[in-house]
Amino acid sequence: MEGSGTIQGVVRFLQLSSELCLIEGTIDGLEPGLHGLHVHQYGDLTKDCSSCGDHFNPDGASHGGPQDTDRHRGDLGNVHAEASGRATFRIEDKQLKVWDVIGRSLVVDEGEDDLGRGGHPLSKVTGNSGKRLACGIIARSAGLFQNPKQICSCDGLTIWEERGRPIAGQGRKDSAQPPAHL
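Numbering of the sequence shown is given in our numbering, commencing with residue 2 and proceeding in unit increments.
Okay, here's the thing in structure tokens:
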């Protein structure tokens, strides 16, 4: 996931059972506070995040919160960025299916999603969460031990070495432990 400025992140979607999808991730470079998180219709980044389409909504529902039964399937609620600008999250969702979102996009917004409960005209459409800050295409990855390639951000750190480090900016290269040799 990439966006304007230094916003970068890694988000994983795992289908734990036919009824439960786990979405977990880390996004760096955000302003501290709550930010709306949504799956959008298209995995099209040709015009940055503006070409991702609307929220993924195959049922034609109104915007809502992740616990609501009447909501866009792509409505994942909010993620909280700490003072450091890092949002780390783990969301369990009963409506989303990984096989339905591969090829679509994930978008993080500028402000808090009101979960369709605000008085603003956009509350039932987008959650009134402001402009799109960062987005990425949801893609299928290889299973465990099925991909021998090193996953990195092209700076030599593997994804496993990134734990506890900023994804971008100062402090990325600082390490208390030597890099792994895979």
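Positions of the beta carbon are idealized from the N, C-alpha and C atoms, including for glycine.
Check, Outcome
"Going by CA-CA distance only, name the one from Gly117, Cys53, Leu31 and Glu93 that's closest to Ser19.", "Glu93"
"Considering only the beta carbon of each residue, do Leu15 and Asn79 sit closer than 8 Å?", "no"
"For a quick check, are the C-beta atoms of Asp115 and Gly131 less than 8 Å apart?", "no"
"Would Ser51 be called buried (16 or more neighbouring beta carbons within 10 Å of its own) or exposed?", "exposed"
"If we count the other Cβ atoms within 10 Å of its Cβ and call it buried at 16 or more, is Ala140 buried or exposed?", "exposed"
"Got a sec, what are the start and stop residues for the beta strand (DSSP E) Glu11 sits in?", "Sequence check: residue 11 is Val here, not Glu. Looking at the DSSP string, the run of the beta strand (DSSP E) that includes Val11 is Gln9 to Ser18."
"Do you know how far the Cα of Asn58 is from the Cα of Lys125?", "12 Å"
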